[in-house]
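Peer 1: The following block contains the structure, expressed as structure tokens.
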Amino acid sequence: MSDTIFSKIVRKEITADIVFENDFVLAFKDINPKAPVHILIIPKVEIATVTDLNGKDHAEILGQLFDAANSIAKIMKIEADGFRLVINCGKNGGQEVNHLHMHLLGGRKMTWPPG
Ligand code: AMP
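Quick note, our numbering runs 12 ahead of the 1-based positions in the sequence shown.
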């Protein structure tokens, strides 16, 4: 398992602008935001990417990620207008950090298709 910058943020070895935390997940503002609200939601356990997930072993953490997204949407006051959740996977998916993370994007109308 690779030790990424997100693992260091989980261990509080480097700082981040944290907006939500519980026993399972940590969420912080993206350092290079692509929307007025751009939050990264990550599991505290090291899971590299979507292809490492399965329903049997990861049902709880997957539920926690979505619960956190809904809580953060309320905290950031974008729940009513809607938002986008994105998980990039691998090279073609555009994943740069090999620690599973969900992008929560909001505060503007999103376009489709994504680039
Ligand atoms: P991805 O391309 O899906 O792997 O997304 C990685 C995201 O992490 C990018 O949007 C980066 O801007 C963001 N990022 C990288 N380093 C940091 C950091 N130290 N704090 C907050 N966000 C970061």
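Ideal Cβ positions, reconstructed from N, Cα and C, are used throughout, including at glycine.
1) With distances taken from CA atoms, which of L52, A39 and D15 is nearest I99?
2) Kindly list the residues whose CB is nearer than 8 Å to the CB of R120, restricted to its own chain and excluding five residues on each side of it in sequence; keep chain order.
3) Indicate, with yes or no, if the ligand AMP has a heavy atom lying under 7 Å from the CB of V109.
4) Can you tell which of I30, G102 and P126 has its C-alpha closest to the C-alpha of H111?
5) Can you round the beta-carbon distance between I17 and I26 to whole angstroms, since I take them to be within the 8 Å contact cut?
6) Please report the distance separating the alpha-carbon of A92 from that of M122.
7) With a threshold of 7 Å, establish whether the CB of I43 neighbours any heavy atom of the ligand AMP.
8) I need the straight-line Cα distance from M88 to A81, nearest angstrom please.
9) If you draw a straight line from the alpha carbon of P126 to that of E33, how long is it in whole angstroms?
10) DSSP has V37 in a bridge; who is on the other side?
11) What do you reckon, is the C-beta of F78 under 7 Å from a heavy atom of the ligand AMP?
Peer 2: Considering the structure as presented:
1) L52
2) A47 and P48
3) yes
4) G102
5) 7 Å
6) 15 Å
7) yes
8) 10 Å
9) 29 Å
10) P55
11) no
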